[in-house]
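Protein chains in written order, with our numbering: chain A, 1 to 274; chain B, 1 to 173.
Each residue gets a CB set at the ideal place from its N, CA and C atoms; glycine is no exception.
Here is the structure:
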């Protein structure tokens with residue numbers, strides 16, 4: 001996801017550095033971004049001149065080699081609270097007092113991540129939750145933690161809006177907006193079916209597309225996202241919201257996770273894929 | 001079958017009014033919107049009910065519909081009113097789409113109540129983060145009490161707190 005975020009920033013003509021612990025990985029990501037820009041030139045979505053400028057603005061280098069006066073650092077690493085906290089604690093001294101720190105976490109409270117840095121930095125740390133693919137999906141959840149300077153969150157919200165994103169300002173609550181409100185899309189479908197029955201999944205998917213106007217139905221979407229990932233998000237939001245009955249995970253989803261029916265990636269989820 | 005043998009009720013009335021309507025038209029074939037109630041229960045109790053549909057939370061003129069075998073022509077009535085019926089076999093309160101949307105709308109109200117975000121930002125997040133055709137507040141606008149009635153039916157049927165309506169949703173007129 002970090003590569004998509006970096007690509008989007010460079011497309012806004014913002015000087016951007018892509019960092020990864022593994023330098024080969026960041027070089028690979030850079031090459032893939034260049035290739036995607038070249039394709040956009042072929043399709044006449046961007047001009048060669050624009051792409052040449054974007055390429056000059058985006059570089060890949062180790063985090064330790066980035067400029068201390070960097071304006072904004074966005075973390076998009078593994079979804080592990082301790083790893084994220086260690087990273088922020090390690091870079092707190094590296095960057096100037098004015099640098100804004102942001103986390104792309106989809107599940108951890110900003111407050112817990114902010115606790116890893118000094119009190120002054122906490123005012124300049126917030127959540128910026130992008131959606132995949134970051135270059136296409138317009139939403140950015142701008143999450144102010146309890147210590148975040150509200151003006152900072154508001155300024156970033158306005159800046160994203162100016163750049164064509166559709167930001168949403170939200171409080172530091174479990175699942176933020178999307179991962180909480182969307183739970184019913186999957187959870188209710190799981191409660192409407194009477195069992196592990198592909199014909200019922202198919203009918204519900206079709207009704208949600210045709211009558212509901214959704215691009216995908218709940219079962220096909222869970223298979224695409226990963227049944228395991230969807231179940232993990234449901235469980236995490238449910239636990240964080242004090243096991244609210246409204247968000248209780250469904251046994252059928254657990255059954256599929258246990259059976260390694262994780263969706264398209266394992267060739268079997270709610271549907272079978274060949 | 002001539003459509004003048006049919007009567008149509010697409011109202012958002014309460015259960016008693018729906019039942020009275022059916023009793024009043026015992027000699028006709030009735031097509032009724034039962035978004036907020038259990039269609040199976042109504043089919044069993046009222047033989048004159050030949051077809052059911054769910055239009056009350058539709059946002060695009062499409063609706064789920066079901067007719068008893070031999071009475072499929074009754075669904076033409078929906079087309080005559082400008083609606084496009086899509087056959088469903090899920091005959092429970094809220095069918096599929098309205099039931100799912102009621103739960104999503106309710107959670108959006110709880111999130112707003114808890115000051116997670118403004119209504120505008122919640123709608124925006126759902127449209128641009130997960131491609132919903134409408135945000136939950138825009139979807140519910142003017143139909144909040146339909147959502148409440150449906151949730152209360154589901155709550156009474158299942159005794160599952162999952163369906164308890166948010167106080168702010170209930171209070172929206």
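Neighbourhood of residue i by C-beta, 6 Å cutoff - its chain only, sequence neighbours within 5 removed
| i | result |
| --- | --- |
| residue 137(A) | 131 |
| residue 122(A) | 114 and 147 |
| residue 4(A) | 133, 134 and 135 |
| residue 205(A) | 217, 219 and 220 |
| residue 274(A) | none |
| residue 176(B) | This structure leaves residue 176(B) out entirely; chain B is present only between 1 and 173. |
| residue 72(A) | 100 |
7 Å CB neighbourhood of residue i in its chain, flanking five on each side removed
| i | result |
| --- | --- |
| residue 208(A) | 214, 217 and 218 |
| residue 1(B) | Low confidence applies here, because residue 1(B) scores a pLDDT of 47, under 50, leaving its location unreliable; read the following figure in that light. Around residue 1(B): 73. |
| residue 126(B) | 132, 135 and 136 |
| residue 152(A) | 100, 124 and 126 |
| residue 66(A) | 17 and 19 |
| residue 259(A) | none |
C-beta atoms of residue i and residue j nearer than 8 Å
| i | j | result |
| --- | --- | --- |
| residue 58(A) | residue 6(A) | yes |
| residue 31(B) | residue 63(B) | no |
| residue 91(A) | residue 63(A) | yes |
| residue 106(B) | residue 47(B) | no |
| residue 270(A) | residue 201(A) | yes |
| residue 65(B) | residue 56(B) | no |
| residue 231(A) | residue 257(A) | yes |
| residue 52(B) | residue 75(B) | no |
| residue 122(B) | residue 140(B) | no |
| residue 21(B) | residue 50(B) | no |
| residue 94(B) | residue 150(B) | yes |
| residue 84(A) | residue 105(A) | yes |
Supposed contact pair residue j and residue i - C-beta distance, whole angstroms, cut 8 Å
| i | j | result |
| --- | --- | --- |
| residue 237(A) | residue 180(A) | 6 Å |
| residue 18(B) | residue 9(B) | 7 Å |
| residue 18(A) | residue 29(A) | 6 Å |
| residue 277(A) | residue 224(A) | Since the first residue shown for chain A is 1 and the last is 274, residue 277(A) is missing from the structure and cannot be characterised. |
| residue 171(A) | residue 153(B) | Their Cβ separation, rounded to whole angstroms, is 32 Å, which puts residue 171(A) and residue 153(B) out of contact at 8 Å. |
| residue 253(A) | residue 233(A) | The Cβ separation is near 11 Å, so there is no contact. |
| residue 13(A) | residue 134(A) | About 16 Å; that fails the 8 Å criterion. |
| residue 184(A) | residue 103(B) | 4 Å |
Cβ of residue i within 8 Å of any chain B Cβ
| i | result |
| --- | --- |
| residue 84(A) | no |
| residue 202(A) | no |
| residue 146(A) | no |
| residue 243(A) | no |
| residue 248(A) | yes |
| residue 269(A) | no |
| residue 79(A) | no |
| residue 17(A) | no |
| residue 14(A) | no |
C-beta neighbour in chain A for residue i, strict 8 Å
| i | result |
| --- | --- |
| residue 157(B) | no |
| residue 142(B) | no |
| residue 1(B) | Legend: pLDDT at residue 1(B) = 47, less than 50; position of this residue unreliable, no value from coordinates given. |
| residue 149(B) | no |
Per-residue contacts from residue i into chain A (C-beta, under 7 Å)
| i | result |
| --- | --- |
| residue 62(B) | 210 and 211 |
Contact set between residue i and chain B, taken where Cβ atoms lie within less than 8 Å
| i | result |
| --- | --- |
| residue 240(A) | Going along chain B, no residue has its Cβ under 8 Å from residue 240(A), so there is no contact; the nearest lies around 12 Å. |
Chain-ordered neighbours of residue i on chain B, where CB pairs are closer than 7 Å
| i | result |
| --- | --- |
| residue 170(A) | 116, 117 and 121 |
| residue 184(A) | 100, 103, 104 and 107 |
| residue 178(A) | 125, 126, 129 and 130 |
Contacts around residue i, its chain only, beta-carbon distance under 8 Å, and the 5 residues preceding and following it disregarded
| i | result |
| --- | --- |
| residue 278(A) | The structure shown does not extend to residue 278(A), since chain A spans only 1 to 274, so no value can be given for it. |
Under 9 Å by beta carbon: chain B residues contacting residue i
| i | result |
| --- | --- |
| residue 136(A) | Near residue 136(A) there are no residues of chain B at all, since even the closest Cβ is about 10 Å away, more than 9 Å. |
Where residue i meets chain A, residues with beta-carbon distance less than 8 Å
| i | result |
| --- | --- |
| residue 89(B) | 203 |
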